[in-house]
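S.K.: Structure below; questions to follow.
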Amino acid sequence: MLRLSALYRYPLKSGKAEVLQRIGLDKLGLEGDRRWMLVDEASGRFLTQRAVAKMSQLSALWNAAGGLTLSTPGFASLEVALPGSDAELRGVTIWRDTLRVPDAGDAAAAWVSEFIGKPTRLVQMPLARARTTEAGFGNDDDQVAFADGYPLLLIGQGSLDDLSRHVGRPMEMLRFRPNLVIEGGEAFAEDGWKRLRIGDIELRVVKPCSRCILTTIDPATGERSADREPFATLDSYRKTESGAMFGQNLVNDGIGYLEVGMPVTILE
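Count the sequence shown with the numbering used here and you get residues 771 to 1038, in order.
And the structure:
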């Protein structure tokens, strides 16, 4: 039987994961998931672990009021309030999207600038300013916050186990930053799914996830693997014209909640 075996949220894009037992969903996926982002102050371009590996050690815990608690070793923690309706809007760029979103203020900027080592701003994504997902996949009105392309990422535990066997050592699931982990299926069974239901939530599978060098960063230490694993192995047996695929991007149809242990039904 298929079941939901793990839930992860990333309040800050490219920050540390929150391990969850139960979480609500809104139209942008898990409530609070990747609603905050760091950007270069001068250009507004988004920052991630691809260029700043130590972001893997930056904890940004979501609070009930929608704000964040920032913390990392060697720094005093900082409480950041959810920007109000009068907050300054900052122009930012994430991949091909350019938009204006609320800035979290100078105190947060000073904290993240010291951590990153250059002038940096912290910005937040309200529901009303969400991006649309990539054209050609899913529905025209599907939306996403600051995730790379889609609201949710699913990985089968069997797929990770298969990859670990190919690499020759256990690989951590958090290298791949999923939201949902499903156990009970064969390796890469999710590649053939189109629609599934978990609890009362129906989810559409819209696109495989192309992986990058970010997978070589150890989520516990922030250090890159000297042997480029597991990306090198993925590239050897999961490569397509669009990249090395691992996991599936999803969109949730409707709102509700998910809880670890829920059965998973494949609808199509």
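Just so it is clear, CB atoms sit at the ideal spot from N, CA and C, and this is done for glycine as well.
Compare the C-alpha of I1025 against each of Q1018, V976, S980 and I968 and name the closest.
M.R.: Stepping through the sequence shown from its first residue, residue 1025 is reached at position 255. For the residues Q1018, V976, S980 and I968, the minimum Cα distance to I1025 belongs to I968.
S.K.: Please return the same chain residues whose Cβ sits closer than 7 Å to the Cβ of G854, not counting the five positions on each side in sequence.
M.R.: Here residue 854 is taken as the residue at index 84 of the sequence shown, counted from 1. Here the set comprises nothing.
S.K.: Using the DSSP secondary-structure output, state which residues sit across from D867 in a beta bridge.
M.R.: Against the sequence shown, residue 867 aligns to sequence position 97. I864.
S.K.: So, is V1070 buried or exposed, given that buried needs 16 or more other C-beta atoms within 10 angstroms?
M.R.: The first residue shown for the chain is 771 and the last is 1038, placing residue 1070 beyond what the model contains.
S.K.: Does the stretch 897-915 come close enough to the stretch 817-828 to have 3 or more Cβ pairs within less than 8 Å?
M.R.: No contact exists between the stretch 897-915 and the stretch 817-828.
S.K.: Could you name the residues of the same chain whose beta carbon sits closer than 7 Å to that of R712, not counting the 5 residues immediately before and after it, in chain order?
M.R.: Nothing in the structure corresponds to residue 712, since the chain is present only between 771 and 1038.
S.K.: According to DSSP, simplified to helix, strand and coil, what is Q819?
M.R.: Position 49 of the sequence shown, counting from 1, holds the residue named residue 819. Residue state, collapsed to three classes: coil.
S.K.: Smallest Cα separation from T890: which of P978, V822, L944 and P989?
M.R.: By one-based count along the sequence shown, residue 890 stands at place 120. Cα-wise, what sits closest to T890 is V822.
S.K.: Give the DSSP-derived three-state secondary structure of D856 in the structure shown.
M.R.: Along the sequence shown, one-based indexing puts residue 856 at 86. Coil.
S.K.: Do you know whose CA, among V914, L774, V862 and C982, lies nearest D810's CA?
M.R.: Translated into positions along the sequence shown, residue 810 becomes position 40. The residue with the shortest Cα to Cα distance from D810 is V862.
S.K.: For E960, count the other beta carbons within 10 Å of its own beta carbon; 16 or more makes it buried, fewer makes it exposed. Which is it?
M.R.: As a first step, residue 960 is located in the sequence shown; it is residue number 190 there, counting from the start. Label assigned to E960: buried.
S.K.: Leaving out the 5 sequence neighbours to the left and right, which residues in its chain are closer than 6 Å to M895 when beta-carbon positions are compared?
M.R.: The residue labelled residue 895 in the question sits at position 125 within the sequence shown. Cβ within range, chain order: R805, V871, A915 and F916.
S.K.: In chain order, what residues of the same chain lie with their CB nearer than 6 Å to the CB of E858, ignoring the 5 residues before and after it?
M.R.: Counted from its first residue, the sequence shown places residue 858 at position 88. Here the set comprises D873.
S.K.: Whose C-alpha, out of I793, N949, V850 and F1001, is nearest the C-alpha of Y920?
M.R.: Position 150 of the sequence shown, counted from the start, is the residue given in the question as residue 920. Among I793, N949, V850 and F1001, the Cα nearest to that of Y920 belongs to N949.
S.K.: Closest by CA to A776, which one among V1030, L1037 and E1038?
M.R.: Working through the sequence shown from its first residue, we reach residue 776 at position 6. Cα-wise, what sits closest to A776 is V1030.
S.K.: Between L795 and the rest of its own chain, which residues show a CB-CB distance below 7 Å, the 5 nearest in sequence each way excluded?
M.R.: Here residue 795 is taken as the residue at index 25 of the sequence shown, counted from 1. Excluding sequence neighbours, L795 sits near E801, I971, N1022, I1025, G1026, Y1027 and L1028.
S.K.: Which runs of the alpha helix (DSSP H) at least 4 residues long sit entirely within the stretch 892-978? Give them in chain order.
M.R.: Segments of the alpha helix (DSSP H) lying fully in the stretch 892-978: 927-937.
S.K.: If contacts are defined as beta-carbon pairs under 8 Å, then E982 and R820 qualify, I think. What distance do you get, rounded to the angstrom?
M.R.: Counting from one through the sequence shown, the residue named residue 982 turns up at place 212. Counting from one through the sequence shown, the residue named residue 820 turns up at place 50. Looking at the sequence shown, residue 982 is not Glu but Cys. The pair is a contact, with the Cβ atoms about 7 Å apart (cut-off 8 Å).
S.K.: Closer than 8 Å by C-beta to L852: which residues in its own chain qualify, once you throw out the five before and the five after it? Chain order, please.
M.R.: Residue mapping note: residue 852 aligns to position 82 of the sequence shown, counting from 1. Closer than 8 Å at the Cβ level, and outside the excluded window around L852, lie A835, G836, G837 and Q894.
S.K.: Tell me, please, which residues DSSP counts as bridged to I793.
M.R.: Position 23 of the sequence shown, counting from 1, holds the residue named residue 793. Paired residue(s): L1028.
S.K.: Who are the near neighbours of G992 in its chain, counting only those whose CB is closer than 6 Å to its CB and skipping five residues on each side?
M.R.: Translated into positions along the sequence shown, residue 992 becomes position 222. For G992, where only same-chain residues beyond five positions count, the Cβ hits under 6 Å are A823, K824, S826 and Q827.
S.K.: Tell me the DSSP bridge mates of I987?
M.R.: Within the sequence shown, numbered from 1, the residue matching residue 987 stands at position 217. Its beta-bridge partners are R994.
S.K.: Pick helix, strand or coil for K824, following the three-state DSSP scheme.
M.R.: As a first step, residue 824 must be located in the sequence shown, where it is residue number 54. Note: K824 maps to helix in three-state DSSP.
S.K.: Measuring CA to CA, which of S1012, G814, S929 and K964 is closest to I1036?
M.R.: Position 266 of the sequence shown holds residue 1036. If we check each option's Cα against that of I1036, K964 comes out closest.
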